[in-house]
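Heads up: the sequence shown begins at 13 in the numbering used here, then just goes up one per residue.
Here a beta-carbon is modelled for each residue, glycine too, at the ideal position from N, C-alpha and C.
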Amino acid sequence: MHCDPLPMNRATQHGFTLLELAIVLVIVALLSTGLMVSIVAQRDSVAIAETQRRLAEARDALLGFAAANGRLPCPAAPAATGIEQPVGGGNCDNPWDGFLPALTLGLYPTDENGYALDGWGNPIRYGVTTYTHASCPSSCFTTANGVKLAWNASVSALAPDLNICNTTDGATGSGASAACAAGSRLATNAVALVFSRGTNGGIAPSSADELANGNADRLYVSRTPTPAGANEFDDIVLWISPHLLYNRLIVVGRLP
13 MHCDPLPMNR
23 ATQHGFTLLE
33 LAIVLVIVAL
43 LSTGLMVSIV
53 AQRDSVAIAE
63 TQRRLAEARD
73 ALLGFAAANG
83 RLPCPAAPAA
93 TGIEQPVGGG
103 NCDNPWDGFL
113 PALTLGLYPT
123 DENGYALDGW
133 GNPIRYGVTT
143 YTHASCPSSC
153 FTTANGVKLA
163 WNASVSALAP
173 DLNICNTTDG
183 ATGSGASAAC
193 AAGSRLATNA
203 VALVFSRGTN
213 GGIAPSSADE
223 LANGNADRLY
233 VSRTPTPAGA
243 NEFDDIVLWI
253 SPHLLYNRLI
263 VVGRLP
């Protein structure tokens with residue numbers, strides 16, 4: 013007897029078509045892009061919170077230094093390794109475009125150059141008023157007992173002059189005469205400020221408002237962040253009012 017072999021049932025196998033592969037790749041790319049955007053946004057959110065914490069810590073350290081020494085420290089110069097310049101205060105070398113003198117203040121952590129860093133790993137900046145008065149031998153707020161000397165001469169003689177604006181539009185003057193436009197003034201009597209150049213702090217700023225925070229005059233900008241572009245702004249600014257400083261000095265007996 014001859015038996016015919018049973019027919020074999022073979023499942024038909026199909027591979028992905030080029031169109032299907034293309035669709036899969038597009039989906040993967042979209043998911044990857046969304047994930048990357050989410051990771052970057054989360055990273056920036058963490059860096060912003062950490063920067064705000066470090067700036068608040070720096071402000072408290074400045075007020076503590078003033079309570080102990082009767083003056084604010086001078087900023088550190090670019091090559092000063094975190095130490096105020098000049099040492100001992102007086103007329104500061106870089107009053108408006110210096111760095112936080114982290115080693116003078118005893119702040120940590122710092123990098124190998126003595127810079128206190130923001131949440132992105134960039135140096136924290138620091139500016140201080142250069143206000144002078146006949147009763148002070150040099151800049152009153154950075155000279156030992158200079159605030160007290162001016163206070164005793166006349167409380168109204170104390171006139172710190174750092175300008176904080178919400179835009180450079182309409183700003184006038186330069187150097188010690190730089191001033192906000194009337195409608196953009198957040199403060200015109202700040203004694204000092206600390207600030208971060210934000211996520212783009214490692215590159216040269218391009219917008220007018222960011223340029224204002226590094227052009228060595230008494231005017232600074234603080235406003236809502238704006239994404240990259242012609243009006244990009246992501247600096248974080250924290251300033252000290254004269255009344256907060258006077259209160260600290262009164263509490264420890266350095267005023268009146």
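Does the separation of the CB atoms of residue 172 and residue 254 fall below 7 Å?
Residue 172 is a Cβ neighbour of residue 254, given a cutoff of 7 Å.
Spatial neighbours of residue 198 within its chain, please: CB distance less than 7 Å, with the 5 preceding and 5 following residues excluded, ordered by chain position.
176, 177, 178, 234
Sufficient close CB pairs (3 or more, under 8 Å) joining the segment 249-266 to the segment 77-95:
yes
Tell me where the alpha helix (DSSP H) around residue 193 begins and ends.
Unbroken run through residue 193: none, as it is neither H nor E.
Using 8 Å as the Cβ pair cut-off and three pairs as the minimum, do the segment 214-229 and the segment 114-129 touch?
no
Using CA coordinates, which residue listed in 267, 218, 249, 128 is at the minimum distance from residue 243?
Checked all of 267, 218, 249, 128; the closest Cα to residue 243 is 218.
May I have the straight-line CA-CA distance separating residue 203 from residue 265, to the nearest angstrom?
Cα-Cα distance, rounded: 19 Å.
Excluding sequence positions up to five away, which residues of its chain have a Cβ less than 6 Å from the Cβ of residue 169?
145, 162
Which residue marks the beginning of the beta strand (DSSP E) containing residue 139, and which one marks its end?
137-140
The beta strand (DSSP E) that contains residue 204, what's its start and end?
204-208
Under 7 Å between C-beta atoms, does residue 252 make it to chain D?
No chain D appears in the structure shown, which is made up of a single protein chain.
How about residue 184 and residue 191: do their beta carbons lie closer than 7 Å?
yes
Residues in its own chain within less than 8 Å of residue 188 by CB, not counting five upstream and five downstream?
Here the set comprises 142, 173, 229, 230.
Would you decide whether residue 246 is buried or exposed? Buried here means 16 or more other CB atoms lie within 10 Å of its CB.
buried
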